[in-house]
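Letter by letter, the sequence shown follows residues 1 to 289 of the UniProt record's numbering. What follows is one structure encoded as structure tokens, with my remarks underneath.
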Amino acid sequence: MTKPDGYPVPDRLTEIRARGASTTQQATRWNLRTWQAMLPEHSELLEQLPNPIDREAVRAQASSLKDEADAIRLFITAMVWGYGPIGYGPFRTARVLAENSAAAATLLSVGQCVRTAGGPAAFGLLKKNRLRWLGVSFATKYMYFCNEPSRNPALILDSLVQRWLSVNADIRLRTDWRVDHYERYVRTVVHWAAQLSLELGEVEFLMFDDELHRGNDNTTRRADLRGFTIEPSTGAECQAVLDALDEAVDAFAAMMDGAEGHDHEDFDRGIRQLRRIVVARAAQAGSPC
Numbered sequence: 001m002t003k004p005d006g007y008p009v010p011d012r013l014t015e016i017r018a019r020g021a022s023t024t025q026q027a028t029r030w031n032l033r034t035w036q037a038m039l040p041e042h043s044e045l046l047e048q049l050p051n052p053i054d055r056e057a058v059r060a061q062a063s064s065l066k067d068e069a070d071a072i073r074l075f076i077t078a079m080v081w082g083y084g085p086i087g088y089g090p091f092r093t094a095r096v097l098a099e100n101s102a103a104a105a106t107l108l109s110v111g112q113c114v115r116t117a118g119g120p121a122a123f124g125l126l127k128k129n130r131l132r133w134l135g136v137s138f139a140t141k142y143m144y145f146c147n148e149p150s151r152n153p154a155l156i157l158d159s160l161v162q163r164w165l166s167v168n169a170d171i172r173l174r175t176d177w178r179v180d181h182y183e184r185y186v187r188t189v190v191h192w193a194a195q196l197s198l199e200l201g202e203v204e205f206l207m208f209d210d211e212l213h214r215g216n217d218n219t220t221r222r223a224d225l226r227g228f229t230i231e232p233s234t235g236a237e238c239q240a241v242l243d244a245l246d247e248a249v250d251a252f253a254a255m256m257d258g259a260e261g262h263d264h265e266d267f268d269r270g271i272r273q274l275r276r277i278v279v280a281r282a283a284q285a286g287s288p289c
């Protein structure tokens, strides 16, 4: 089972499939009051969303993508699902919309591009029209729900999937807007899904879920993985520091866009170590992250 550019279906993925692991992601809870406080102009939309929310509920918001209002509605819904109970999700979503004057127009053009030209083309379009504070992980969550079955798909690429691919398939992808990396990822998952008789989103979820639960030291691992670092009960100081580290990652990715060499690996290694320190100190103080 080898794909044209040399990536076989990983043994780990075949094993997960063979043991009958669920391919359906559980719905996630979220805080309506917090989201309404940060996005009061979208209070009515938020009230209509289910809690907990799952992928199907987000997909229902994508039935129409004809104007900017449709794009904003889908974007907010995808962010509610993507952040789930993470406390800073509403703030970050509101910041994307508030600090990018062309946010609505850009989200609409990207969403329509997914439907007409495919995910990698839309990824390239968003790279050229970057929205400040919106990184690859959550941008691809939005793009994923813009999919239409007949087109080259958009798939979610976050740090959990990125790490799983590195460990289990020797595929090393960067999440700093490298269009060639994203296109390679999409082609690979398309091939694996066909070989395993799965939907594309099911393959992505199996990798995500397997990486999320791999190992026993989940506290340390959670601090290692960007975008999934903080539980609702995290102390304010710990959250503030981890938040700042995430913003540093965004800033560094923008500064180093397209750069080669070992700088990215060195930076990632340093960030992971800093997160470990923060988590350990918070645990010692009785306020675990």
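Even for Gly, the Cβ is constructed at its ideal location relative to N, Cα and C.
| Query | Result |
| --- | --- |
| Three-state class that DSSP yields for T28 in the structure shown | strand |
| Local Cβ density within 10 Å of T116, reported as buried at 16 or more and exposed below that | exposed |
| Segment limits, alpha helix (DSSP H) that includes L97 | G89 to A98 |
| Whole runs of the alpha helix (DSSP H) within the stretch 153 to 199, excluding any shorter than 4 residues | 159 to 169 and 179 to 196 |
| Residue range of the alpha helix (DSSP H) that includes A16 | Note that residue 16 corresponds to Ile in the displayed sequence, not to Ala. I16 -> alpha helix (DSSP H) spans D11 to A18. |
| Residues bridged to I53 (per DSSP) | T28 |
| S109 to G201 span [Cα, whole Å] | 23 Å |
| Simplified DSSP state of F145, which is helix, strand or coil | coil |
| For A104 and A71, believed in contact at Cβ under 8 Å, the rounded distance | 6 Å |
| Residue from L173, V58 and L198 with nearest C-alpha to S22 | L198 |
| For A103, three-class secondary structure by DSSP | helix |
| Under the three-state DSSP convention, the category A244 falls into | helix |
| Beta-carbon contacts of N51 that lie in its chain and below 7 Å, excluding the five residues immediately before and after | R29, W30 and L32 |
| Environment of D176 [buried if 16+ CB atoms lie within 10 Å] | buried |
| 8 Å Cβ cutoff met for I156 and E211 | no |
| Start and end residues, alpha helix (DSSP H) containing Q61 | Note, Q61: premise wrong, no alpha helix (DSSP H); not H, not E. |
| Straight-line Cα distance separating Y144 from R163 | 19 Å |
| R17 versus P10: straight-line alpha-carbon distance, rounded | 11 Å |
| Close beta carbons around D67, own chain, < 8 Å, minus the five adjacent residues each side | L108 |
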